[in-house]
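K.L.:
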């Protein structure tokens with residue numbers, strides 16, 4: 001399969017917990033694993049994609065001085081609808097990327113940041129938390145992109161993008177969340193779930209948030225029954241490589 005090389009700026013929007021840091025080396029590490037595995041599955045050289053890390057709370061890529069072809073906005077414990085200085089700066093940067101035709105990938109918090117940048121309301125989901133491996137219903141465009149009728153991803157969200165940005169197409173939904181990702185070719189590809197999570201990462205987050213009373217006991221207990229379910233993270237990785245033009 002033919003490929004072309006790309007440089008992806010991974011914007012880390014939070015500090016990883018121990019499971020992610022120890023297993024893969026943090027947010028950039030888990031995404032390096034996803035993309036390396038996906039490239040191998042597609043019989044493509046692993047150096048087809050160069051990943052450059054940025055701490056989004058401190059510094060964003062420079063359009064003038066840095067070399068990058070696309071950006072990935074990671075997940076985060078923070079609220080994408082908040083007005084913290086670095087979050088507002090990230091929203092404006094995302095808007096500028098779209099205007100400059102630099103492809104944007106948004107993951108969970110990153111999905112919400114992209115939605116906010118494109119004019120959507122982002123806030124708490126009154127339906128509550130979605131956690132652990134969960135089956136998503138794919139739209140027709142989602143079925144076309146992923147090649148199947150449903151997608152199973154690790155979830156860790158209680159915020160929601162209330163609509164779909166103009167010109168974009170929703171990819172997936174659940175009974176609690178209509179917009180679980182949106183897409184426009186060569187421009188934006190988001191998912192509310194976490195393709196990069198494995199069960200150890202989700203388990204650690206669930207435990208921490210349950211102990212701090214953020215995730216209710218019943219939600220925590222139910223999630224334990226699904227933690228080890230297989231998920232489609234690498235399939236999403238392959239779709240993202242095609243979106244980036246690394247894979248045909």
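Residue numbers (full-length UniProt numbering): 1 to 248. Don't be surprised by glycine CBs; every beta carbon is placed ideally from N, CA and C.
Put residue 114 into one of helix, strand or coil per three-state DSSP.
P.N.:
Helix at residue 114.
K.L.:
Pick helix, strand or coil for residue 1, following the three-state DSSP scheme.
P.N.:
Unreliable placement is indicated for residue 1, whose pLDDT of 46 sits below 50; the coordinate value is still reported in the next sentence. Three-state result, residue 1: coil.
K.L.:
Give a yes or no on contact between the segment 121 to 140 and the segment 101 to 109, applying the rule of three or more CB pairs nearer than 8 angstroms.
P.N.:
Because the criterion of three Cβ pairs below 8 angstroms is not met, the segment 121 to 140 and the segment 101 to 109 do not touch.
K.L.:
Which of the three DSSP states is assigned to residue 246 in this structure?
P.N.:
If DSSP states are grouped into helix, strand and coil, residue 246 belongs with coil.
K.L.:
So, are the CB atoms of residue 51 and residue 35 less than 9 angstroms apart?
P.N.:
Cβ atoms of residue 51 and residue 35: closer than 9 angstroms.
K.L.:
For the 8 angstroms Cβ check, are there 3 or more pairs between the segment 187 to 201 and the segment 226 to 245?
P.N.:
Touching, per the Cβ criterion.
K.L.:
Does DSSP classify residue 224 as helix, strand or coil?
P.N.:
Helix at residue 224.
K.L.:
Counting only runs that start and end within the UniProt domain "Glutamine amidotransferase" (48 to 201), where is the beta strand (DSSP E) found for 3 or more residues in a row?
P.N.:
Qualifying beta strand (DSSP E) stretches, in chain order: 49 to 55, 70 to 73, 104 to 107, 122 to 124, 130 to 138, 150 to 157, 159 to 161, 182 to 184, 188 to 191.
K.L.:
Could you tell me whether the Cβ atoms of residue 58 and residue 31 are closer together than 9 angstroms?
P.N.:
No. Outside cutoff.
K.L.:
Exposed or buried, what is residue 196 when buried is set at 16 or more other beta-carbons lying within 10 Å of its beta-carbon?
P.N.:
Its Cβ being crowded by 16 or more others within 10 Å, residue 196 is buried.
K.L.:
Assuming residue 10 is part of the beta strand (DSSP E), what are its boundary residues?
P.N.:
Residue 10 -> beta strand (DSSP E) spans 6 to 12.
K.L.:
Could you have a look at residue 231 and say whether DSSP puts it in helix, strand or coil?
P.N.:
Looking at residue 231 - three-state DSSP - the assignment turns out to be coil, as it is neither helix nor strand.
K.L.:
For residue 122 and residue 89, what's the separation of their Cα atoms in angstroms?
P.N.:
If I take the Cα positions, the gap works out to 16 angstroms.
K.L.:
Report yes if the C-beta distance between residue 234 and residue 37 is below 9 angstroms; otherwise report no.
P.N.:
Yes, the Cβ-Cβ distance between residue 234 and residue 37 is below 9 angstroms.
K.L.:
What is the residue span of the alpha helix (DSSP H) that residue 39 lies within?
P.N.:
Taken as a continuous stretch (DSSP letters only), the alpha helix (DSSP H) holding residue 39 covers 27 to 41.
K.L.:
Whole angstroms is fine: what's the gap from residue 1's alpha carbon to residue 27's?
P.N.:
With a pLDDT of only 46 at residue 1, under the threshold of 50, the placement of this residue in the model should not be trusted, and no figure is reported.
K.L.:
Does the distance from the CB of residue 136 to the CB of residue 193 come in under 9 angstroms?
P.N.:
Yes. Within cutoff.
K.L.:
Restricting to Cα atoms, I'd like to know which of 159, 119, 138 is closest to residue 78.
P.N.:
Closest by alpha carbon: 159.
K.L.:
Throw me the rounded Cβ distance for the residue 202 and residue 125 pair, which I believe falls under 8 angstroms.
P.N.:
Residue 202 to residue 125, Cβ: 18 angstroms. No contact.
K.L.:
Let me know if residue 12 comes out buried or exposed under the rule of 16 or more other beta-carbons within 10 Å of its beta-carbon.
P.N.:
By the 10 Å Cβ count, residue 12 comes out buried.
K.L.:
For the segment 141 to 156 and the segment 219 to 238, state whether three or more C-beta atom pairs, one from each stretch, are separated by less than 8 angstroms.
P.N.:
Yes: at least three Cβ pairs fall under 8 angstroms.
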